[in-house]
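Quick mapping for you: the protein sequence lines, in order, are chains H and D.
Going by the working numbering, the first sequence opens with residue -17, and the numbers climb by one from there.
Going by the working numbering, the second sequence opens with residue -17, and the numbers climb by one from there.
Where a beta carbon is used, it is the ideal one built from N, C-alpha and C, also for glycine.
There are 2 protein chains.
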Amino acid sequence: MPEILGHNFIAGQRSAAGQHRLQSLDASTGEALPYSFFQATEGEVDQAARAAAAAFAEFRQLAPARRAEFLDAIAAELDELDDAFIAIVCRETALPTARIQGERARTSGQMRLFAQVLRRGDFLGARIDLALPDRQPLPRVDLRQMRIGVGPVAVFGASNFPLAFSTAGGDTAAALAAGCPVVFKAHSGHMATADLVACAIQRAAERTGMPRGVFNMVFGGGVGEWLVKHPAIQAVGFTGSLKGGDALCRMAAERPQPIPVFAEMSSINPVIILPGALAKRGDSIARELAGSVCLGAGQFCTNPGLVVGLQSPQYSQLLADLGHQLAQQAGQTLLNAAGLRNYVGGLEHLHAHAAIQHLAGQAQTGSQAHAQLFKADARLLIESDPLLQEEVFGPTTVAVEVQDNAQLRAALLGLRGQLTATLIGEPEDFEAFAWLVPLLEEKVGRILVNGYPTGVEVCDAMVHGGPYPATSDARGTSVGTLAIDRFLRPVCYQNYPQALLPAALRDDNPLGLRRLVNGQWREGAI
Amino acid sequence: MPEILGHNFIAGQRSAAGQHRLQSLDASTGEALPYSFFQATEGEVDQAARAAAAAFAEFRQLAPARRAEFLDAIAAELDELDDAFIAIVCRETALPTARIQGERARTSGQMRLFAQVLRRGDFLGARIDLALPDRQPLPRVDLRQMRIGVGPVAVFGASNFPLAFSTAGGDTAAALAAGCPVVFKAHSGHMATADLVACAIQRAAERTGMPRGVFNMVFGGGVGEWLVKHPAIQAVGFTGSLKGGDALCRMAAERPQPIPVFAEMSSINPVIILPGALAKRGDSIARELAGSVCLGAGQFCTNPGLVVGLQSPQYSQLLADLGHQLAQQAGQTLLNAAGLRNYVGGLEHLHAHAAIQHLAGQAQTGSQAHAQLFKADARLLIESDPLLQEEVFGPTTVAVEVQDNAQLRAALLGLRGQLTATLIGEPEDFEAFAWLVPLLEEKVGRILVNGYPTGVEVCDAMVHGGPYPATSDARGTSVGTLAIDRFLRPVCYQNYPQALLPAALRDDNPLGLRRLVNGQWREGAI
């Protein structure tokens, strides 16, 4: 059994100054695991934020290749985390072993992908406008631009991805890649996991000679507010509930110096099933959709919570098949007891709504979550009824039947911002419903054709973001390499001597970057 | 005399539904000019925002080259604005003719520069990760990403640049380039100017066949709040005071759907004069600095409001020379009466502060602004005294004398975020003070060497931005082509048939873009 100290991580040291201890729980049984954690004091949060600030100047000025070494070293340390580690993650989250093994690989792969971004160098956004001393009526001075990290970043991990969206997850990877030291707030749902991952990051930081304070982690319930309000923190990454994300945004906006918050929050991920596909393969769609709804007990940000189709016997049949599939599913243990309470509460709200009908699903009792299918009146979407727009975190989906294209359009226009929208169709559907694409582009971050939204590829082209309330800022993504942009800001150097310029902007181009020079993309030296 | 109707601009039409009329004033005499303007009603603001929303889908989907035609047509219309127009701008702002002629060229040049960005196409950020059907353990689906406009943008122009930061200014150009229709709130200080410029934009829109509603403009005092709170508005651009910018940020954050605000607000633009330069050319520095302080009556966002030097006889001499220069300057008329009141108030606060001493400047009386030099105790910077950090909008600067490098460092660390910082030095200074550069990088958007911050080049490499309170979001710039990024968000297309993909992402690459394909930059088709 690996040693789990339960102390906070501050400036490369462990710290246990507080009195209050927190216990890690077995997600399946609710029993206490033999690990306890010291809730950070306000002083410790302050020290962690100051440690990050102290590390910033050195860390951000490291050559990108040096930061890439650090990320690669974290990846190697994550891959080394063994079966005993996997067993602890599974106990804390009730997620199956294969899933956690896959998530470990995804998390280390994500670190390596950001290391590639650092070696490619385009994240620096190098731009050079050379002096034009003879320009009329006024000469132009030499101007050069590149991007630097915004400063220390506070990251709040998610309950549902204890590795990929947590301690060494996407927000941490993006911030570190950008040159921003991190203060991570460990999620109370998997503190032993967080402790072991933070130790892995710590080993990588030591091995690659990173400044102390490049990564810090604090435990505890109310400590997030101290962190977001700390003057050293310059940006926040968050994955979680709409309520939690909104609260962080408010805190950040009310600081003497407001800071940006990138919160990934709430999405019901509509799946629109078009007539041609319904006619040709309704039964397989029902099966696949049920699989997506129930995957990971429905605890995905991209879980399909809304199914939309045009009124037809085929659509009625699909709902019957889908209900049949969902009613057959075995109960699943959720990430924690609070998750189950929220799920039960969400179902009660759906059951209680006069314009929503329960179609299928075993009675929700006991300690496991049972899959459910509801059907809502289309006007609830058209009139933007808030209940229908709320994410029910678990294996449940709500079907909507629209009468015609006009009602389909009105229903989709009534949707709030989403992470994803999915079109299930045949070629003839895409011709007939081509008008759906621009409409959905304005609502979501990712549009899928003939797939299911669960399963988010980590790559350059991914967008895991979208208009509010899917996220707090549609201009960002929390998965994929574009995530680094959230933590960078541009700086301009005017009339600089070569010796003072950062390497990215020197005439001799020592980093081998492709740069925008006088409005043209150029490689090599100037 | 050009005809100035004074009606609001809504969806390509003029509208005068309200009762309340506003008068344009001669900035030098305060007398009413023969133009009056209809304050927009809440209904008209709603119509303008809806018109922008209605235009969005068509406008954002135009080929970038079509939007470039529109921007080029605006540029041509601006260049056509004649001497009678220039005379009106000068009467409304008290700015001299040559300055306004230059600003007209800068404003049309800015439109043409964004047209080039559109033709270059890199703003689209096209990224493609091709399907890997045989990948283990799971295949990868085809994923493609590009950026689209965020939606209708509300723009608030600045008083001090009636053309370049106003109706057809940088925020409008960036938003239109991004595919975002604009609702512009005309500045009360130059409504006749705004009317004529909006007519020019309107002519360009008609000539190039843009959708009605691509550009709208409303007049009036309290109408900005309706605009920022309107659900159709998706982002805000603003140039003005800290108080005004903070208020807009609060409104935007408190909306049911919060939206980003890019506010360029307050900066005192420190100029640090290093010992070698002082010894070699103190007298010319004093003369140049006085010119920068008094340029445009000190009404520039980048006006040097703080001069910092190490205690020495040479620095004392420089301050004496600078005071002499400033005391000799003739009074200048400010943009409007409120500006003069604010300037007088700002000077009174400086005079009243026990740790600030008045060094030079004619007594501030009458209707013109007189240049002033103050000297503040270094501890006011070190202790972040708010008074010293407040921009006094006019021809005034405050000198600070530090005793040694440690105090210089502490003083600069005490600074809030700035648009610019300037180093005046000789080569040996830059060797001795190389540590200043990284410190300033963390405080400002642009660092200048041996220049003066007034005069902001419009180019790819410019950053007119910086940490709060210089702006509300250090990740943006309001001058230069990077400004387009503020109004774009990424969208991902998963497993899309070629026919449904936007042109930027099709295999055959019809826009001829350089794209990130499987992690490598590639030109041509796939």
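Under a CB-based cut-off of 8 Å, is residue i close to chain D?
| i | result |
| --- | --- |
| Ile110 of chain H | yes |
| Gly103 of chain H | no |
| Phe305 of chain H | The sequence given here places Gly at residue 305 of chain H; Phe does not occur at that position. Chain D, which has no Cβ nearer than 8 Å to the Cβ of Gly305 of chain H, makes this no. |
| Val419 of chain H | yes |
| Ile130 of chain H | yes |
| Thr79 of chain H | no |
| Phe412 of chain H | yes |
| Glu(-15) of chain H | no |
| Val137 of chain H | no |
| Gly433 of chain H | yes |
| Thr459 of chain H | yes |
| Asn477 of chain H | yes |
| Leu482 of chain H | yes |
| Ser454 of chain H | yes |
Leaving out the 5 sequence neighbours to the left and right, which residues in its chain are closer than 6 Å to residue i when beta-carbon positions are compared?
| i | result |
| --- | --- |
| Leu316 of chain D | Ala279, Leu322, Ala351 |
| Ala485 of chain D | Pro492, Leu493 |
| His172 of chain H | Glu74, Thr75, Pro144 |
| Lys357 of chain D | Gln339, Leu341, Ala381 |
| Gly458 of chain H | Phe244, Gly447, Arg468 |
| Ala97 of chain H | Ala50, Leu53, Asp54 |
| Phe67 of chain D | Leu178 |
| Gln293 of chain H | Glu383, Gln385 |
On a Cα-Cα basis, can you pick out the residue from the options that is closest to residue i?
| i | options | result |
| --- | --- | --- |
| Ala140 of chain D | D:Thr79, D:Lys211, D:Phe220 | D:Phe220 |
| Ala435 of chain H | H:Val275, H:Trp503, H:Pro46 | With the sequence shown as reference, residue 435 of chain H is identified as Pro, and Ala is not the correct amino acid for it. Nearest option by C-alpha distance: H:Val275. |
| Lys167 of chain H | H:Arg102, H:Met199, H:Thr11 | H:Met199 |
| Pro479 of chain D | H:Gly506, H:Val473, H:Pro409 | H:Pro409 |
| Val218 of chain H | H:Ile(-8), H:Glu188, H:Thr284, H:Phe138 | H:Phe138 |
| Tyr17 of chain H | H:Val71, H:Val473, H:Leu53 | H:Val71 |
| Val289 of chain D | D:Ile254, D:Gly437, D:Ala229 | D:Ile254 |
| Gln118 of chain D | H:Val473, H:Ala87, H:Phe67, H:Glu270 | H:Ala87 |
| Ala456 of chain D | H:Gly133, H:Phe19, H:Ala186, H:His212 | H:Gly133 |
| Pro286 of chain D | D:Leu271, D:Gln43, D:Asn324 | D:Leu271 |
| Leu329 of chain H | H:Asn318, H:Gln314, H:Ala319, H:Ala345 | H:Ala345 |
For residue i, collect the residues of the same chain with a Cβ closer than 8 Å to its Cβ; drop the 5 residues on either side in sequence, then sort them by chain order.
| i | result |
| --- | --- |
| Gln296 of chain D | Pro257, Leu260, Ala261, Gly264 |
| Glu13 of chain D | Leu7 |
Would you say residue i lies against chain H (beta-carbon separation less than 8 Å)?
| i | result |
| --- | --- |
| Thr89 of chain D | no |
| Pro524 of chain D | Residue 524 of chain D lies beyond the range of chain D shown here (-17 to 508); nothing can be said about it. |
| Arg48 of chain D | no |
| Val210 of chain D | no |
| Asp442 of chain D | yes |
| Gln239 of chain D | yes |
| Asn387 of chain D | no |
| Ile429 of chain D | yes |
| Pro134 of chain D | no |
| Val473 of chain D | yes |
For residue i, which residues from the same chain have a beta carbon less than 7 Å from its beta carbon, with the 5 sequence-adjacent residues on both sides left out?
| i | result |
| --- | --- |
| Ser57 of chain D | In the sequence as displayed, the identity of residue 57 of chain D is Ala instead of Ser. Same-chain partners within the cutoff: Ser90, Met93, Arg94. |
| Leu363 of chain H | Leu370, Val382, Ala393, Gly396, Leu397 |
| Pro451 of chain H | Leu224, Met247, Ser248, Arg398, Gly399 |
| Cys441 of chain H | Gly462 |
| Ile250 of chain H | Gly287, Leu288, Gln371, Glu373, Gln400 |
| Leu106 of chain H | Met128, Arg129, Ala486, Leu495 |
Start-end ranges of the beta strand (DSSP E) lying completely within the segment -4 to 83 of chain H, minimum 3 residues: 3 to 7, 14 to 20
Three CB pairs or more closer than 8 Å across the segment 199 to 218 of chain D and the segment 14 to 32 of chain D: yes
Every unbroken alpha helix (DSSP H) within the segment 141 to 178 of chain D, with a cutoff of 4 residues, ordered by chain: Runs of the alpha helix (DSSP H) lying entirely within the segment 141 to 178 of chain D, each at least 4 residues long, are 152 to 160 in chain order.
Inter-stretch contact (C-beta, 8 Å, three-pair minimum) for the segment 181 to 198 of chain D and the segment 418 to 425 of chain D: The segment 181 to 198 of chain D vs the segment 418 to 425 of chain D: no contact.
Inter-stretch contact (C-beta, 8 Å, three-pair minimum) for the segment 336 to 352 of chain H and the segment 375 to 386 of chain H: yes
The segment 184 to 193 of chain D touching the segment 333 to 352 of chain D, judged by at least three CB pairs closer than 8 Å: Fewer than three Cβ pairs drawn from the segment 184 to 193 of chain D and the segment 333 to 352 of chain D lie within less than 8 Å of each other, which leaves the two stretches out of contact.
Contiguous alpha helix (DSSP H) assignments of at least 4 residues, all confined to the segment 256 to 299 of chain D: 257 to 276
Uninterrupted beta strand (DSSP E) stretches inside the segment 221 to 249 of chain H (no shorter than 3 residues): 243 to 246
Runs of beta strand (DSSP E) wholly within the segment 120 to 144 of chain H (minimum 3 residues, chain order): 125 to 131, 135 to 138
Secondary structure, beta strand (DSSP E): runs of 3+ residues fully inside the segment 312 to 388 of chain D: 338 to 342, 354 to 358, 378 to 384
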